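J.: Before we start, here is the structure in question, set down as C-alpha cells.
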Amino acid sequence: MTSRLIVPLDYPELPIALEIADRLCTVVDWFKIGKELFTSVGPSSVQSLKKIGKSVFLDLKFHDIPNTVSGAVASATKLGADMINVHASGGLEMMQAASLSAVDQADKLNIAKPKLLAVTVLTSIDQFAFARDLNSSRSLSAQVVYLAQLAQQAGLDGVVASPLEIEKIRRACGNDFWIVTPGIRPRQSVISDQKRIMSPAEAIDAGADQLVIGRPITKSDDPLKATHEILTEMRSPQKTVSQTE
C-alpha cells in the first residue's frame, strides 16, 4: 500500500526535505519533487532520494515547444526520475515528443523507462474558475477526459487528475491507464487551496493508482503518525458518489 502514497517535498532547502523523507522512510516509498525544491537545489534533490532507495516523481509539469520538452524529458530520465509529467495542454505533438524521448533515453542508458504522465486541469481550479478564465465550451470534467484521451493517443502512461474525474477517465481510457491523484484530504483535514477533492478511501475506491498527499502529512506536528492514519484510511474503502457536471 505504501507504493500508492506519494508525499511531496515542497521545501526550499534540501536538508529539510531529506529530514522529512528520513522520518517517513519506513512507510513511504514515493516522494514528489516539485518546482520549489528543484529550482532551489536542482538535480541533487533527485539524486539524494535515489541514494536512499526511494522512488521519485519529478513534478515539473513541462510545457513548451516539442523539441524543448523532448530535451527536458531526456534529462529527467537520465537523472533517474521514476515518474515525470508534462502539461496535456501543450498538445499532441508535444506529448508525442516527450513519450519518444523517454523511451529513447531509457533505451540508450539501458534503464527502466519512467512513467510519463500528463497534467489535465489543476485541482485548484473549479468549474466556475474554469468557465471564467479559460472560456471553454466544454465542462471542466469533459475537458479533463478529453485531455486524458489525447495523452493516451500520444503514448503517455497516464495522467494527473483530480479525484472527481477518476471514474470518467477510467471509462474513457481503460484500467491500464495510470491515474495519479492530488486533491486528497483526509477526514477532518484543512482543505486549503484544493477545490476538487476526495478523501483517501474515496479516491482509492474510485480507481486511483496513486495519491499525492502533502500538507496533511508535512504540516502535521507528527508526520509519521499522520502518514499511518492516512494509510489506514486508504485501506478502508467506502462507496464513492459519482460526480457529474
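Under my numbering, the first residue of the sequence shown carries the number 124, and numbering increases by one thereafter.
Note that beta-carbon positions come from the ideal geometry of N, C-alpha and C, so glycine has one too.
Note that the coordinates shown come from a computational prediction; the quantities given were computed from them, not determined experimentally.
Determine the DSSP secondary structure at Ile302, reduced to helix, strand or coil.
T.: strand
J.: Could you tell me whether the region 177–189 touches the region 210–227, using the rule of 3 or more Cβ pairs below 8 Å?
T.: yes
J.: Assuming Thr79 contacts Pro305 (C-beta within less than 8 Å), just tell me the rounded distance between them.
T.: Any property of residue 79 remains undetermined from this structure, which presents the chain solely from 124 to 368.
J.: Can you name the start and end residues of the beta strand (DSSP E) that Ile327 belongs to?
T.: For Ile327, there is no enclosing beta strand (DSSP E); the residue is found in the alpha helix (DSSP H) stretching over 323–329.
J.: Check for me: the alpha helix (DSSP H) holding Pro189 runs from which residue to which?
T.: 189–202
J.: Locate the beta strand (DSSP E) running through Leu181, then write down its first and last residues.
T.: Its beta strand (DSSP E) spans residues 178–185.
J.: Looking at the structure shown, is Ile336 part of a helix, part of a strand, or coil, going by DSSP?
T.: Note: Ile336 maps to coil in three-state DSSP.
J.: From this set, Val267, Ser359, Asn298, Lys348, which residue's C-alpha is nearest Ile327's C-alpha?
T.: Ser359
J.: Mapping DSSP to helix, strand and coil, what is Ala131?
T.: Per the sequence shown, residue 131 should be read as Pro rather than Ala. Pro131: strand per DSSP, three-state reduction.
J.: Measuring straight from C-alpha to C-alpha, what distance separates Val151 and Leu132?
T.: The alpha-carbon atoms of Val151 and Leu132 are separated by roughly 12 Å.
J.: To which residues of the same chain is Leu270 closer than 8 Å at the C-beta, ignoring the five residues directly before and after it?
T.: Closer than 8 Å at Cβ, skipping near neighbours: Ala211, Ser212, Ala241, Thr243, Val244, Val282.
J.: In chain order, what residues of the same chain have a beta carbon less than 8 Å from the beta carbon of Met357, not counting five sequence neighbours either side?
T.: Met124, Arg127, Leu128, Pro323, Ala324, Ile327, Leu334
J.: First and last residue of the beta strand (DSSP E) that includes Leu279?
T.: Here Leu279 belongs to no beta strand (DSSP E), and DSSP marks it neither H nor E.
J.: Please name the residue, chosen from Lys177, Leu160, Asp230, that lies closest to Asp145 on a Cα-to-Cα basis.
T.: Lys177
J.: Got a sec? Which residues, its chain only, sit under 6 Å from Gln317 by beta carbon, not counting five neighbours each side?
T.: Any reading at Gln317 needs caution, since the residue's pLDDT is 48, under 50, leaving its predicted position unreliable; the model's value is listed next. Here the set comprises Thr246, Gly306.
J.: Taking three-plus beta-carbon pairs below 8 Å as touching, is the region 132–143 in contact with the region 154–167?
T.: Because the criterion of three Cβ pairs below 8 Å is met, the region 132–143 and the region 154–167 touch.
J.: Would you mind sorting Gln276 into buried or exposed? The rule is 16 or more other CB atoms within 10 Å of its CB.
T.: exposed
J.: Val150 by DSSP, collapsed to three states: which one?
T.: coil
J.: Using a Cβ-Cβ cut-off of 7 Å (strictly less than) and excluding sequence neighbours within five positions of Lys236, which residues of its own chain qualify?
T.: Ala225, Val226, Ala229
J.: By DSSP, does Ile248 sit in helix, in strand, or in coil?
T.: Of the three classes helix, strand and coil, the one that applies to Ile248 here is coil, per DSSP.
J.: Could you tell me which residues DSSP pairs with Lys238 in its beta bridges?
T.: Met206
J.: Take Ala204 and list the residues in its own chain whose beta-carbon comes closer than 7 Å to its own, dropping the five residues that flank it on each side.
T.: Val169, Val179, Leu181, Pro237
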